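So for the sequence shown, the numbering used here puts the first residue at 25; every next one is plus one.
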Amino acid sequence: MSNRPVLVYDGDCGFCTTCVRFVERRIRPRCTVSPWQFTDLEALGVTQERAEHEVLWITPAGSVYGGAQAVAKLLMSARGPWSVPGALLTLPPFRQAARAVYRLIADNRHRMPGGTAACSLPAHLRP
């Protein structure tokens, strides 16, 4: 296992890839970023089904955070002011609101800028 956290995302999704590229350029989290399609998920202790469902943040100790909490951890790992909204996303009522917003976006990512119809399909049905 790496000594850095790992951010796992859906590399086949245009929206997800666009978001990750923005994060790498602007937020600059201290982690390794990897699409689940090119990641040894078993070694990280996660399933393909979970990786298809949500972005994942995996700590060097093996703790796994998904969805909005993965985003919170990502923001908290960044330098500068990004850690403040990240910390807020871990506290009620922000945590619940973040979970709802994340799920709304994730469930509709094929409709988001950069998204494609393939984003709405499970991996085994994608072209």
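Even for Gly, the Cβ is constructed at its ideal location relative to N, Cα and C.
What you are looking at is a predicted structure, and each value in this text was computed from that prediction instead of being measured.
- Item | Span of the beta strand (DSSP E), counted from its first residue to its last, around Thr1 | An answer regarding residue 1 cannot be provided, because it is not within the stretch 25 to 151 covered by the chain.
- Within the same chain, show all residues whose beta-carbon is closer than 6 Å to that of Thr63, passing over the 5 residues directly before and after it, in chain order. Val32
- Query: By a C-beta neighbour count over all protein chains shown, 10 Å radius and 16 as the cutoff for buried, is Ser87 buried or exposed?
  - Reply: exposed
- Going straight from the alpha carbon of Thr42 to that of Gly138, what length do you get? 7 Å
- Task: To the nearest angstrom, report how far apart Arg49 and Thr56 are at their CA atoms.
- Result: 14 Å
- Message: Contact defined as beta carbons within less than 8 Å: I believe Met136 pairs with Phe39. What is the distance between those atoms, to the nearest angstrom?
- Response: 4 Å
- Message: With distance defined between alpha-carbon atoms, name the residue in Pro116, Asp36, Ala96 and Ser58 nearest to Ser107.
- Response: Ala96
- Message: For Val70 and Ile82, which I take to be in contact (beta-carbon distance under 8 Å), what is that distance rounded to the nearest angstrom?
- Response: 7 Å
- Item | Beta bridge counterpart(s) of Cys129 as assigned by DSSP | Residue 129 is actually Ile in this sequence, not Cys. DSSP, once it has assigned bridges, lists no residue as partnering Ile129.
- Message: Counting C-beta neighbours from all protein chains within 10 Å, is the total for Arg54 16 or more, i.e. buried, or is it exposed?
- Response: exposed
- Task: Determine, using beta carbons only, whether Gly90 and Leu80 come nearer to each other than 9 Å.
- Result: yes
- Message: Measuring only the C-alpha atoms, how far is Ala102 from Val30?
- Response: 13 Å
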